[in-house]
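Number of protein chains: 2
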Amino acid sequence: MLGLGMIGGSLLRAIRHTGLEVVGFDPDLATAAGASAAGFPVTASDARAVRGADLVILAMPLTEVEAALRSLAPHLSAGAVLTDVGTLKTPVLDAVRRVVPMARFVGGHPLAGTEESGWSAADPLLFRDAPWALTLEPETDIDAWVAVAELACDLGAKPVPATAADQDAAVARVIGLPHLLAEALAASGLAGGPLGLSLAAGSYTTGSRVARTRPDLVATWCDGNPALVGALDEAIERLAVARARLVAGESMLELAEAGHDARIGWENRRFRPVELPADPGMLRLHGRDGGWITAVLRDDEGVRLLGMRPAE
Amino acid sequence: MLGLGMIGGSLLRAIRHTGLEVVGFDPDLATAAGASAAGFPVTASDARAVRGADLVILAMPLTEVEAALRSLAPHLSAGAVLTDVGTLKTPVLDAVRRVVPMARFVGGHPLAGTEESGWSAADPLLFRDAPWALTLEPETDIDAWVAVAELACDLGAKPVPATAADQDAAVARVIGLPHLLAEALAASGLAGGPLGLSLAAGSYTTGSRVARTRPDLVATWCDGNPALVGALDEAIERLAVARARLVAGESMLELAEAGHDARIGWENRRFRPVELPADPGMLRLHGRDGGWITAVLRDDEGVRLLGMRPAE
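As they're listed, the protein sequences go chains A and Y. Quick note on numbering: the first sequence equals residues 0 to 311 in numbering that gives the first Met the number 0. Quick note on numbering: the second sequence equals residues 0 to 311 in numbering that gives the first Met the number 0.
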């Protein structure tokens, strides 16, 4: 485990719960000392953590990924699987293709976490019921993909097969956009003076919650994602229409109904179980249709995957 | 108590906890039956609830306030205090001036509640630590104002003195804007297809929480509030700048820092206790400066109010 912040630290804890042997590394000495004091084996270099490992997990901010890849490349075992936990998958995939093109890489993005950060926020139960995007490109080794999906299932998460491009487009709408709207609300909501600071309550508090996140992390989840432009355009258009209606003395009811229906419809989705072969094309389609994996079965006939998909 | 939805029902429960005698009325028979079955005295008409009452509380949606005032007007005792719990105060004040101009009216807005609604969501602890705007206009009877403030303190809330216009301007930013952004997020966040529905998690979930609110209620909290236009303009401008930066290959860091600083600064505000006379001008200034009332003291020398205000 390279990087022991909230996500990496939570993974370190969660993976040890499964009985696997796991070793951590973090270049920040205080973070490393924290993990060590909590009883986890922590190495003094990334090389020592990587050498001989069957699975290497990158858990550092996107801006540090390429340097980390260059540093670990000479130490990666031939058959080792490499994965990561970053929000955007295209830039990581590009870096892997440049730096360690022969690695058995599966890009990963557990949609877990809070607005907190750091080893002290690590929680082994963080991944329970969390969607976990796993990239499945034409060059992806399907056995490596299944191995990472199996680990995610063991941690209680819901692996979602997707290409890096599809996952980044989805993330623009469900992570980038919510964060930018929360930042805009946090700043504009309080710009009206002290009386507003007193009256800010429920809707302001939850609406701006993720503005508590470290700003540099929010930037790495948004910057350079082309799909975020379209998502922002759509949200701005909705707000501009609302603004024009307000000026014309018309109601906000239409916008409120659109939002309400989308949110309630999302909550009320229904799913049904499916069984899938370890076939990249079928898995990609399963993810694109809104499905995820619940378990990996291995027997004499090979590997099968159980999953859930939208009922309609 | 006229209206026994989430706010009115919560008030009915909370006020009885203080030992005061309270009677409820709701035109919806199922709601009235629910309150009656829970052991509360419920009248068959608003007239019966209002007649002889020292305090009458309106707790219906804004669209029903004027009709309610016309219906109760003939039954209001001469010295009775009239208050309400609606989000916008200017339209209620206007209706009171038209329909019951002689009433001892204090507009009220407890910033309590969730995205739920109805008697079944009523909770006597809903008002604990909740800001509660109380309008203080030139014509407001200061004794009536203090009486309502005292009741709000007894329920654990924090009465905030404000003119109706000032409170509506503040509410545009801390209620109207968060709701419109949540509606826009709820709708636009999920418009990218089934994969996005699977990956929507923490930031989407809290960011769109208040889109679960009944759309007609959201509309009554926004429609006709002129200050909401400026608040929307400011948020749209922030998002448009972010969009332009994204297209130019620049970072979202500046927006994220502005939002983070506003939110964290708000959380870290510090306050100091103050003592105030029951003077309308001083109370209005106290509210405008970010202060609220914590207790009403009555002794031989008259009435004094204790409060908190920003330390700086």
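Heads up, the beta-carbon is just placed ideally off N, CA and C, and yes, glycines get one too.
As for any alpha helix (DSSP H) of minimum length 4 sitting wholly inside the stretch 108 to 156 of chain Y, the runs are 141 to 153, ordered along the chain.
Counting only residues of its own chain and dropping the five nearest sequence neighbours on each side, Leu54 of chain Y has a CB closer than 6 Å to the CB of Val80. Boundaries of the alpha helix (DSSP H) around Glu236 of chain A: 226 to 246. Excluding the 5 residues flanking it on each side, Glu115 of chain Y has same chain C-beta neighbours closer than 7 Å at Met5, in chain order.
Taking a C-beta distance under 8 Å as the contact criterion, Gly280 of chain A and Met307 of chain A do not qualify as a contact pair. In the displayed model, Pro60 of chain Y falls within coil according to three-state DSSP, outside both helix and strand.
For Ala185 of chain A, the secondary structure class from DSSP, reduced to helix, strand or coil, is helix.
For the pair Val170 of chain A and Leu198 of chain Y, the Cα-to-Cα distance works out to about 7 Å.
Between Thr86 of chain Y and Ile174 of chain Y, the gap from beta carbon to beta carbon is short of 8 Å. Listed in chain order, the positions of the stretch 153 to 165 of chain Y with a beta carbon within less than 8 Å of a beta carbon of chain A are Lys157, Val159, Ala161, Asp165.
Neighbours of Gly201 of chain Y in chain A, taken as residues whose beta carbon is under 8 Å from its own, are Leu110, Ala111, Gly112, Thr113, Val209 in chain order. When Y:Gly195, Y:Ala34, Y:Ala168, Y:Ser250 are compared, the shortest CA-CA separation from Leu231 of chain Y is found for Y:Ala168. Residues of chain Y whose Cβ lies closer than 9 Å to the Cβ of Thr42 of chain A do not exist; the shortest such Cβ separation is about 31 Å. The Cβ of Val64 of chain Y sits no closer than 8 Å to any Cβ of chain A. Interface with chain Y (8 Å Cβ-Cβ cutoff): Leu180 of chain A is included. For Leu75 of chain Y, there is no enclosing beta strand (DSSP E), as DSSP marks it with neither H nor E. Here Ala277 of chain Y has Ile141, Val145, Val302 as same chain residues with Cβ atoms under 6 Å from its own Cβ, once five neighbours each way along the sequence are excluded.
Of all residues in the stretch 1 to 30 of chain A, none is placed with a Cβ closer than 8 Å to any Cβ belonging to chain Y. Under the Cβ distance rule, Thr205 of chain A counts among the residues neighbouring chain Y, one pair being separated by less than 8 Å.
Between Trp291 of chain A and chain Y, the shortest Cβ-Cβ separation is below 8 Å.
Between the stretch 53 to 71 of chain Y and the stretch 179 to 194 of chain Y, the count of C-beta pairs closer than 8 Å stays below three; the two stretches do not touch.
For Glu300 of chain A, no chain Y residue has a C-beta closer than 8 Å to its own C-beta; the minimum C-beta separation is roughly 28 Å. Only residues of its own chain outside the window of five on either side were considered, and among them Val22, Phe24, Thr42 have a CB closer than 6 Å to the CB of Ala48 of chain Y, listed in chain order.
Distance from the CA atom of Ala257 of chain A to the CA atom of Glu182 of chain Y, rounded to whole angstroms, is 7 Å.
Using a Cβ-Cβ cut-off of 8 Å, Arg262 of chain Y counts as an interface residue toward chain A, since at least one Cβ of chain A sits closer than that to its own.
DSSP, read as helix, strand or coil, puts Gly175 of chain Y in helix. The continuous beta strand (DSSP E) containing Ala294 of chain A extends over residues 291 to 298.
In this structure, DSSP gives Ala169 of chain A a helical state, which the three-state scheme calls helix. Closer than 8 Å to the CB of Arg237 of chain Y there is at least one CB belonging to chain A.
Contact between the stretch 117 to 125 of chain Y and the stretch 254 to 270 of chain Y is absent: fewer than 3 CB-CB pairs across the two stretches fall below 8 Å. C-alpha of Ala234 of chain Y to C-alpha of Trp131 of chain Y: approximately 25 Å in a straight line. The beta carbon of Val64 of chain Y lies closer than 8 Å to those of Leu57, Asp83, Gly85, Pro90, Val91, Ala94 in the same chain, with the five residues before and after it left out. The shortest C-alpha to C-alpha distance from Pro160 of chain Y to any of Y:Gly18, Y:Ala66, Y:Glu311, Y:Leu275 is the one to Y:Leu275.
By the rule that beta-carbons nearer than 8 Å mark a contact, Asp215 of chain A touches chain Y.
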